[in-house]
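Following: one structure in structure tokens, then a few remarks.
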Amino acid sequence: MNGKQDKKIGIPVFRAPEGMRAYALSQRAAKQAIGLVPTMGALHEGHLSLIRRSAAENGRTVVSIFVNPIQFDDPRDFARYPQQLESDAAAAGKAGADAVYAPSPAVMYPEGFSTFVDMAGISETLCGSVREAHFRGVCTVVTKLFHAALPDRAYFGQKDAQQLAVVRKMAKELDFPVEVKGCETVREPDGLAMSSRNARLADKERIAARCLYRALCEAETLSRAGERDAARLREAMQAVIGAEPPARIEYIEIVDPVTFESLETAFPGALAALAVYIGDVRLIDNLTL
Ligand code: PAF
282 MNGKQDKKIG IPVFRAPEGM RAYALSQRAA KQAIGLVPTM GALHEGHLSL
332 IRRSAAENGR TVVSIFVNPI QFDDPRDFAR YPQQLESDAA AAGKAGADAV
382 YAPSPAVMYP EGFSTFVDMA GISETLCGSV REAHFRGVCT VVTKLFHAAL
432 PDRAYFGQKD AQQLAVVRKM AKELDFPVEV KGCETVREPD GLAMSSRNAR
482 LADKERIAAR CLYRALCEAE TLSRAGERDA ARLREAMQAV IGAEPPARIE
532 YIEIVDPVTF ESLETAFPGA LAALAVYIGD VRLIDNLTL
């Protein structure tokens with residue numbers, strides 16, 4: 282599996298930046314626009330929808346599959362993250378990807394690695410306030426993925442709204458010639474946002490996990506009815522989550538969708554965002570009010 286078309290997978294899988302970049306350069310020379318879909322694998326319908334969108338908008342689509350150790354604040358969370366490269370690469374190919382980039386941690390971060398991309402401001406609230414160095418890990422890995430896959434466009438899900446905003450700002454401020462595209466959150470029929478972590482929920486926890494979307498919908502309903510007091514909106518969401526015993530709130534906030542700073546007055550377009558543990562599974566979600 283190193284750049285060669287694997288028979289079982291059907292598309293080339295590159296394991297190092299040199300091979301990935303050579304492929305990208307050859308596609309660009311052939312006037313093919315490149316779409317990149319960065320993932321940590323364990324692909325679900327949400328990822329596949331990003332791949333399909335990229336395939337519709339670009340001549341070539343590259344999917345990166347890399348569980349990025351430096352964006353995890355909890356080593357147990359990293360160790361538990363599912364790794365299933367072969368089936369993921371095959372699923373990516375079926376959804377329309379033309380190549381997969383799957384470097385190992387040792388290739389990505391060889392011994393002595395000490396260069397990081399850091400951002401102040403919007404990366405310090407919400408997830409950034411509770412997960413130390415998380416966005417530094419995201420910015421660093423996305424920079425390396427951009428340098429390897431040389432995309433014209435890169436696709437990120439709105440479920441990770443703060444990540445999307447951080448990557449968009451980074452691409453602009455570091456002059457990457459990459460258009461960062463945000464794609465709508467894909468949900469299960471009961472509203473739970475699709476996430477690779479959902480697979481770790483036990484049956485009862487899976488039922489309880491519906492409370493995230495229910496809480497967001499409650500805030501939206503109140504906001505539509507004219508409620509502007511962010512504290513009241515937060516309280517309403519807390520009440521919905523609090524009614525589910527396995528749920529533990531990490532944060533519930535109403536934030537400005539550009540700066541990600543907490544708001545006291547929620548204006549239309551403000552973002553309701555939450556991070557909730559269901560058992561030991563951390564889930565995040567958000568909704569524009
Ligand atoms: O959203 C993710 O899966 C990851 O944070 C990303 C963007 C692939 C970087 O590791």
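Sequential numbering from 282 applies to the sequence shown in the numbering used here.
Beta carbons are placed, not taken as given, at the ideal position from N, Cα and C, and that holds for glycine.
The structure displayed is predicted, hence computed values, not measured ones.
DSSP, reduced to helix, strand and coil, places G550 outside both helices and strands of the structure shown, so it counts as coil. DSSP places V381 in the uninterrupted beta strand (DSSP E) bounded by 380 to 382. Looking at the DSSP output, Y532 sits in a beta bridge with A556.
The C-alpha of N567 is placed about 38 Å away from the C-alpha of A303. For ligand 1, no non-hydrogen atom lies closer than 7 Å to the CB of M301. Boundaries for K312: no beta strand (DSSP E) harbours it, and the DSSP string shows neither H nor E there. Note that the region 422 to 438 touches the region 332 to 349; at least 3 beta-carbon pairs, one per stretch, sit closer than 8 Å. If you draw a straight line from the Cα of N479 to the Cα of F353, it comes to about 17 Å. With a cut-off of 7 Å, the C-beta of N349 is classified as near ligand 1, since at least one heavy atom of the ligand falls inside that distance. In the structure shown, Y362 adopts coil according to DSSP, grouped into three states.
The residue among P386, A553, R563, A373 with its C-alpha nearest the C-alpha of I533 is A553. Proximity to F427 across K453, E413, L407 peaks at K453, based on C-alpha coordinates.
Counting only the Cα atoms, R515 lies some 43 Å from A387. Only residues of its own chain outside the window of five on either side were considered, and among them L514 have a CB closer than 7 Å to the CB of E508, listed in chain order.
Distances between the C-beta of T320 and the heavy atoms of ligand 1 include at least one below 7 Å. For V344, the enclosing beta strand (DSSP E) starts and ends at 341 to 346. By the Cβ rule, the region 349 to 364 counts as touching the region 312 to 323, because three or more pairs are nearer than 8 Å. The C-beta separation of G300 from G316 comes to about 19 Å, leaving the pair out of contact by the 8 Å criterion. With a cutoff of 7 Å, Q352 counts as near ligand 1, since its C-beta is closer than that to a heavy atom of the ligand. For V422, the enclosing alpha helix (DSSP H) starts and ends at 415 to 430.
Distances from the alpha-carbon of K375 to those of D561, A401, K289 put K289 closest.
Residue nearest to A520 within the set A414, E501, A496 is A496 (criterion: CA-CA distance). In the assembly as shown, K440 is a buried residue. Its beta-carbon has 16 or more other beta-carbons within 10 Å. Burial state of A524 is exposed, judged by a 10 Å Cβ sphere holding fewer than 16 other Cβ atoms.
Per DSSP, reduced to three states, the secondary structure at T406 is coil, with no helix or strand assignment.
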